[in-house]
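Residue numbering for the sequence shown follows my numbering, starting at 1 and increasing by one per position.
All C-beta atoms in this analysis are idealised placements derived from N, C-alpha and C, irrespective of residue type, glycine included.
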Amino acid sequence: MPVVRELTITSNLRNYQVKLCDDDSFIADFASQANTVFIVDENVWRLHQNTTLRLLKDPIILPISEEGKSLESVQLLYDQVISLSAKKNMTLVSIGGGITQDITGFVASTLYRGVNWIFVPTTLLAQADSCIGAKTSLNYKKYKNLLGTFFPPHQVYIYPGFLDTLDEPVYLSGLGEIVKLYVIGGEQDTLRLLGALPALLNRQDEVLLNFVMRSLTIKKDYIEADEFDTGKRNMLNFGHCFGHAVEYATGYALAHGQAVVVGMILAGFVARERGLLQTETEQMLRAQLLIPVLGPEFPKLELDHASIIEAMKQDKKRVGADLPLIMVTDGYAMVKVTDLKVSEVHQALDFFTETGL
Numbered sequence: 001m002p003v004v005r006e007l008t009i010t011s012n013l014r015n016y017q018v019k020l021c022d023d024d025s026f027i028a029d030f031a032s033q034a035n036t037v038f039i040v041d042e043n044v045w046r047l048h049q050n051t052t053l054r055l056l057k058d059p060i061i062l063p064i065s066e067e068g069k070s071l072e073s074v075q076l077l078y079d080q081v082i083s084l085s086a087k088k089n090m091t092l093v094s095i096g097g098g099i100t101q102d103i104t105g106f107v108a109s110t111l112y113r114g115v116n117w118i119f120v121p122t123t124l125l126a127q128a129d130s131c132i133g134a135k136t137s138l139n140y141k142k143y144k145n146l147l148g149t150f151f152p153p154h155q156v157y158i159y160p161g162f163l164d165t166l167d168e169p170v171y172l173s174g175l176g177e178i179v180k181l182y183v184i185g186g187e188q189d190t191l192r193l194l195g196a197l198p199a200l201l202n203r204q205d206e207v208l209l210n211f212v213m214r215s216l217t218i219k220k221d222y223i224e225a226d227e228f229d230t231g232k233r234n235m236l237n238f239g240h241c242f243g244h245a246v247e248y249a250t251g252y253a254l255a256h257g258q259a260v261v262v263g264m265i266l267a268g269f270v271a272r273e274r275g276l277l278q279t280e281t282e283q284m285l286r287a288q289l290l291i292p293v294l295g296p297e298f299p300k301l302e303l304d305h306a307s308i309i310e311a312m313k314q315d316k317k318r319v320g321a322d323l324p325l326i327m328v329t330d331g332y333a334m335v336k337v338t339d340l341k342v343s344e345v346h347q348a349l350d351f352f353t354e355t356g357l
């Protein structure tokens, strides 16, 4: 199992390692171990069952949809795992994207009050962002990520070969989260990303892996300083205050990372209008970084103001009568406000419509 790079995440719950591997031999190692239960994203199984995952025997295949990130899916997985006579000494190996991670992580954190689990992220978004941070999240009724736990995997294994089969919207979704992390990282990181954007859009492997590992390093700084999301870590929700609402209002037709990019565009407008972000910087980020990452096939959106505002009012980080928002400001300083007015949301949505996206 050649590990070419490794990153250690320090956690109050337990420290864990992210291992970037240049082949898939670690799968064979897992398959040979007793008391191991594999939980595999249905799409990943369809694409890789005869290649990378060929040695897995009777894995649990997990149906994937945003609506399926629910307590009902968790209950079904409980039943399937228990039916295998699996005990507390089992290890769950989760292979898939963020939805697979959330469901498996939630089950691992609650079954027998906690069992070992390993995560093998297969999407760019999961490899560059969600695989670290310890959060598990479930939707409840119309509320996104309302339920959850903090329960990090015991190990994370990144194998770049999974990225070769990603559809373009899914790939761009992950690139959107990389953009978010690089902007949070500051001006130098943002300029470095701008310079490499053509190579990233063309999926140049070695360039991409460098940006995946740097994205995780940026996130590591935030989650180690504020693991349980009470302060500094809130900044990682840049793009998500609007983004989650856009997902809801469009019936989850957009890949998550693309909705986050739309959210960053909207947040940039609000920051500019409040005098917190220079017009030139807002225009540069929007035109040179954010819009290109949406891709040429990005659908024209008709954003329903009422649906988006209603979804934003359900944001779990809302603490008062107004709305929360994370913004980038001059000098690439991140700021959280809790006084976003509904009138500002209307203005931002009108602006987005005027851009022609």
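- For PRO169, the enclosing alpha helix (DSSP H) starts and ends at 168-185.
- By the criterion of at least three beta-carbon pairs nearer than 8 Å, the region 299-315 is in contact with the region 239-248.
- Assigned with DSSP and collapsed to three states, TYR222 falls in helix.
- Secondary structure note for CYS21: it is in no alpha helix (DSSP H), and the uninterrupted beta strand (DSSP E) holding it is 16-21.
- Looking from the CA of GLY133, the closest CA among LYS220, GLY174, MET90, ASN116 belongs to LYS220.
- Under the three-state reduction of DSSP, LYS313 is assigned to helix.
- Take the alpha-carbon of HIS346 and the one of ASP339: they are about 15 Å apart.
- Excluding five sequence positions before and after LEU124, the CB atoms of its chain that fall closer than 7 Å to its own CB belong to LEU163, LEU166, TYR171, GLY174, LEU175, given in chain order.
- Beta-bridge partners of LEU340 (DSSP): LEU323.
- Per DSSP, the continuous alpha helix (DSSP H) segment holding TYR78 begins and ends at 71-83.
- Taking the C-beta atoms as reference points, LEU62 is found nearer than 8 Å to GLU42.
- Taking a cut-off of 8 Å on C-beta distances, the region 79-88 touches the region 101-119, as three or more cross pairs fall below it.
- By a beta-carbon distance limit of 8 Å, LEU193 does not contact ASP129. Their separation comes to about 14 Å.
- For PHE298, there is no enclosing alpha helix (DSSP H), as DSSP marks it with neither H nor E.
- LEU13 counts as exposed, since fewer than 16 other beta carbons sit within 10 angstroms of its beta carbon.
- PHE38 has VAL93 as its beta-bridge partners, per DSSP.
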